[in-house]
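Residue numbers for the sequence shown follow my numbering, so the first one is 296 and each next one is one higher. Below: the structure, in structure tokens.
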Amino acid sequence: MYNLDDTSILVTGGTGSFGKAFVAHVLQRWKPRRLVVFSRDELKQYEMEQMFPTSRYPCMRYFIGDVRDLGRLTMAMRDIQYVVHAAALKHVPIAEYNPFECVMTNIGGAQHVVQAALANGVTRVVALSTDKAASPINLYGASKLASDKIFVASNNLVGSLPTRFSVVRYGNVLGSRGSVVPFFRKLIDQKVDSLPITDPRMTRFWITLPQGVEFVLSCLEQTQGGEIFVPRLASMRVTDLARTLAPDLPQHVVGIRPGEKLHEALITEDDARTTVELPDRFVIEPGWRDGPKTPNAKQVAEDFSYTSDNNDNWLDEAQLRQMLKEADAPLISAAA
């Protein structure tokens, strides 16, 4: 893995769940020269600075800014080597109701990250994607698919620059804002009579924030430019997750929301011809790349797809409880 000592790193959307976990992890393992948190919410930046104060961590920088603002983003990326792009509008119903806002942040923002990175000669850019970008059925997924395409294709623009762009795509993050786990826990604390289930057949991939951070860091090291990295994850039925959180609480079916899938897809059959596999991940390689392919990887079958219902790795109750324990661990202790 990269040695991030004496390096400069910028995280867009750095006050979000991933950003805070990423910062805690980096501060625990390395001594970067500069670690920039770039986001538009001053309250969240203030709260994050209480967790990681500059008096204790002199490398920390807190930049108010929006990925929609190319000038501010270009200024923030001066002397930056590594960029992790986590900023996005992620809430599916909100994106459906506010489509222009979703497009300007998720697509326009992606373009601005690319332009700012090229203008400053950034070495590596890793953009966070979502399972919803694979065969999208909602605007959020479609906007992230467009974002993925932008980052992959931008490797054609680098010329002699060292800049390389890649994408990380994974599924539901246990315990993150907006996920089903805190929603269920809130209902349990409210002493509800039953938990709402959209569909008893529904399955999802699951990953913890620490696992996501580790995976992103490993992709910084492995990328040659243009890859979409997909970790091998475990699946679980939502009914089993609810039963683990509240074994004695009944469940009632409320139906799938508009834009919601029954099962998650991380790789579709259409991507199989450019997908290779490693022991811990799949890599969707850019179809245009003439250079070296992913080392030690093997091609997947022509009819391959990677969805949460056809997975060969399923979480049991004990494994989920261990993941929840990891997800619940306080971030501040990790950086102590």
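C-beta atoms are modelled at their ideal positions from N, C-alpha and C, and glycine is treated no differently.
With DSSP as the reference, please indicate the residues paired to tyrosine 601 in a beta bridge. Ile562, per the DSSP bridge assignment.
Report yes if the C-beta distance between glutamine 614 and alanine 541 is below 8 Å; otherwise report no. Not in contact: glutamine 614 and alanine 541 (Cβ atoms no closer than 8 Å).
Is the separation between the beta-carbon of proline 477 and that of glycine 416 shorter than 8 Å? No.
Nearest by alpha-carbon distance to phenylalanine 272: which of Asn393, His547, Ala624 is it? This structure gives no information on residue 272, because the portion of the chain shown stretches from 296 to 631.
Rounded separation between alanine 622 and threonine 534 - CA only: When only Cα atoms are considered, alanine 622 and threonine 534 end up about 20 Å apart.
Contact check, methionine 497 vs leucine 610, beta carbons under 8 Å: Cβ distance not < 8 Å, so methionine 497 and leucine 610 don't count as in contact.
Could you give the first and the last residue of the continuous beta strand (DSSP E) run that contains tyrosine 525? Correcting the residue identity first, residue 525 is valine in this sequence and not tyrosine. Its beta strand (DSSP E) spans residues 523-526.
Please classify isoleucine 432: is it buried, with 16 or more other beta-carbons within 10 angstroms of its beta-carbon, or exposed? Residue environment: isoleucine 432 is assigned as exposed (fewer than 16 neighbouring CB atoms within 10 Å of its CB, all protein chains considered).
At the level of alpha carbons, what is the spacing between glutamine 519 and valine 408? Rounded to whole angstroms, the gap between the alpha carbons of glutamine 519 and valine 408 is 18 Å.
With a CB to CB cut of under 8 Å and the five nearest residues on each side skipped, what residues in its chain are close to asparagine 608? The residues are Arg527, Leu528, Ala529, Ser530.
Going by the DSSP bridge assignment, what does arginine 329 pair with across the sheet? In DSSP, arginine 329 forms a bridge with Ser303.
Answer yes or no: do serine 350 and isoleucine 402 have a C-beta to C-beta separation smaller than 8 Å? The Cβ atoms of serine 350 and isoleucine 402 lie no closer than 8 Å to each other.
Helix, strand or coil for arginine 335, going by three-state DSSP, please let me know. In the structure shown, arginine 335 sits in coil (DSSP, three-state: anything other than H, G, I, E or B).
Take glutamate 344 and list the residues in its own chain whose beta-carbon comes closer than 6 Å to its own, dropping the five residues that flank it on each side. Result list for glutamate 344: Tyr357, in chain order.
Three-state secondary structure (DSSP) at valine 362? The answer is coil: DSSP assigns valine 362 none of H, G, I, E or B.
Let me confirm a value: valine 549 is counted as buried when at least 16 other C-beta atoms fall within 10 Å, else exposed. Which label applies? Valine 549 is exposed by the Cβ-count criterion.
Between alanine 371 and the rest of its own chain, which residues show a CB-CB distance below 8 Å, the 5 nearest in sequence each way excluded? The beta carbon of alanine 371 sits closer than 8 Å to those of Leu305, Val331, Phe333, Phe358, Gly360, Ala411, all from its chain and outside the five residues before and after it, given in chain order.
Expected contact under 8 Å - CB spacing of alanine 381 and glycine 308 to nearest Å: Between alanine 381 and glycine 308, the beta carbon gap of about 4 Å places them in contact (Cβ cut-off 8 Å).
Kindly list the residues whose CB is nearer than 7 Å to the CB of arginine 568, restricted to its own chain and excluding five residues on each side of it in sequence; keep chain order. Cβ neighbours of arginine 568 beyond the five flanking positions: Glu597.
8 Å contact criterion, which alanine 429 and leucine 573 should meet: CB distance rounded: Incorrect: roughly 19 Å between the Cβ atoms, too far for contact.
Give me whichever residues DSSP pairs with asparagine 298 in a beta bridge. Asparagine 298 is not bridged by DSSP to any residue.
Exposed or buried, what is leucine 299 when buried is set at 16 or more other beta-carbons lying within 10 Å of its beta-carbon? The residue is buried, with at least 16 neighbouring Cβ atoms inside 10 Å.
What does DSSP give as the partner residue(s) for glutamate 572 in the beta ladder? Phe577, Lys593, per the DSSP bridge assignment.
Under 7 Å: does the beta carbon of serine 474 sit that close to some heavy atom of the ligand FAD? Absence of the ligand FAD is noted for the structure shown, with no ligands found whatsoever.
Tell me whether the stretch 507-522 and the stretch 481-490 touch, counting them as touching only if at least three CB pairs, one residue from each stretch, are closer than 8 Å. When C-beta atoms of the stretch 507-522 are compared with those of the stretch 481-490, fewer than three pairs fall below 8 Å, so the two segments do not count as touching.
Report the residue from Thr589, Ala383, Lys315 whose alpha carbon sits nearest the alpha carbon of methionine 346. Closest by alpha carbon: Lys315.
Around the Cβ of proline 327, are there at least 16 other Cβ atoms within 10 angstroms (buried) or fewer (exposed)? Residue burial is scored here from C-beta neighbours: proline 327 has at least 16 other C-beta atoms within 10 angstroms and is therefore classed as buried.
Give me the DSSP bridge partner(s) of leucine 413. The partner list for leucine 413 (beta bridge, DSSP) is empty, contrary to what the question assumes.
Quick one: Cα of lysine 427 to Cα of aspartate 604, how far? If I take the Cα positions, the gap works out to 15 Å.
Supposed contact pair leucine 557 and leucine 490 - C-beta distance, whole angstroms, cut 8 Å: Your pair leucine 490 and leucine 557 does not check out as a contact, with CB atoms roughly 18 Å apart and the cut at 8 Å.
Skipping 5 residues on each side, what residues in its chain have a beta carbon closer than 8 Å to that of glycine 616? Note on residue identity: the sequence assigns arginine, not glycine, to residue 616. Thr539.
Just confirm the distance between the C-beta atoms of serine 424 and valine 462, as a whole number of angstroms; I'd bet it's less than 8 Å. About 5 Å; that satisfies the 8 Å criterion.
Report yes if the C-beta distance between proline 581 and glycine 521 is below 8 Å; otherwise report no. The answer is yes: Cβ separation under 8 Å.
According to the neighbour-count rule (16 or more other Cβ atoms, all chains shown, within 10 Å of its Cβ), is glycine 436 buried or exposed? Classification of glycine 436: buried, given that the 10 Å Cβ count is 16 or more.
Along the chain, where does the alpha helix (DSSP H) that runs through arginine 480 open and close? Unbroken alpha helix (DSSP H) run through arginine 480: 475-484.
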